[in-house]
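Count the sequence shown with my numbering and you get residues 16 to 187, in order.
No residue lacks a Cβ here, since even glycine has one placed at the ideal position from N, Cα and C.
Heads up, the thing below is written out as structure tokens.
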Amino acid sequence: MVTFRPVTEADLPLLHKWMEGEHWQKWWKDVDTELGYIQDMMEGRDTTRPFIFQVDGEDAGYIQLWSVADQKARGWREVVPWFDLLPDEAVGIDVSIGEREKLSKGLGTEVLKAFVAKLRGEGKARILVDPEKSNPRAIKCYRKAGFREVESLLGKTGHILIMEHTRQEGVS
16 MVTFRPVTEA DLPLLHKWME GEHWQKWWKD VDTELGYIQD MMEGRDTTRP
66 FIFQVDGEDA GYIQLWSVAD QKARGWREVV PWFDLLPDEA VGIDVSIGER
116 EKLSKGLGTE VLKAFVAKLR GEGKARILVD PEKSNPRAIK CYRKAGFREV
166 ESLLGKTGHI LIMEHTRQEG VS
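In structure tokens form, the structure reads like this:
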């Protein structure tokens with residue numbers, strides 16, 4: 016069973032350990048910088064909501080939820096001009112499996128399906144992910160979890176692929 020709990024100060028050493036892993040280093044920035052961002056989230060200086068996901072009661076990875084409108088207001092449109100193309104009412108998800116040994120076992124798909132169900136229960140209608148185009152493992156996982164490329168944005172977002180969760184049969 017997959018559950019989610021907010022990140023606390025006590026989780027920072029575990030996150031630090033995970034972020035030092037090769038599978039994190041490829042996609043996340045400097046460990047201390049990323050932990051600083053998470054600290055900002057925990058202390059309310061950033062509206063992004065950070066969570067540890069657990070599988071059968073054991074910490075297994077990190078997932079965060081961000082609001083497109085809030086990120087636009089924080090200035091992302093200056094850094095990433097195509098950000099203005101995203102719908103204000105949408106939310107985005109970033110997810111990483113904690114330990115390398117747990118990659119490619121279906122865990123990411125299971126976690127995403129559970130998190131999307133949670134978000135749908137909270138009334139979120141538009142749910143996005145934004146993997147790097149050079150990350151086929153993530154793209155495959157997102158597709159298996161019910162995300163599809165946003166056709167209208169193809170070719171407009173540089174090295175990022177914008178995908179949106181679709182309400183298709185068998186997918187929450």
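In the DSSP assignment, residue 124 falls within the unbroken alpha helix (DSSP H) covering 122-136. Taking a contact as a CB-CB distance under 8 Å, the pair residue 78 and residue 108 counts as one, their CB atoms being some 6 Å apart. The alpha-carbon separation between residue 106 and residue 80 amounts to approximately 7 Å. According to the DSSP assignment, residue 99 belongs to no alpha helix (DSSP H), since it is labelled neither H nor E.
Residue 138 and residue 131 have their C-alpha atoms roughly 10 Å apart.
Residue 107 is bridged by DSSP to 81 and 143. Annotation: the continuous alpha helix (DSSP H) that includes residue 48 extends over 46-57. When beta bridges are read from the DSSP output, residue 94 appears opposite no residue.
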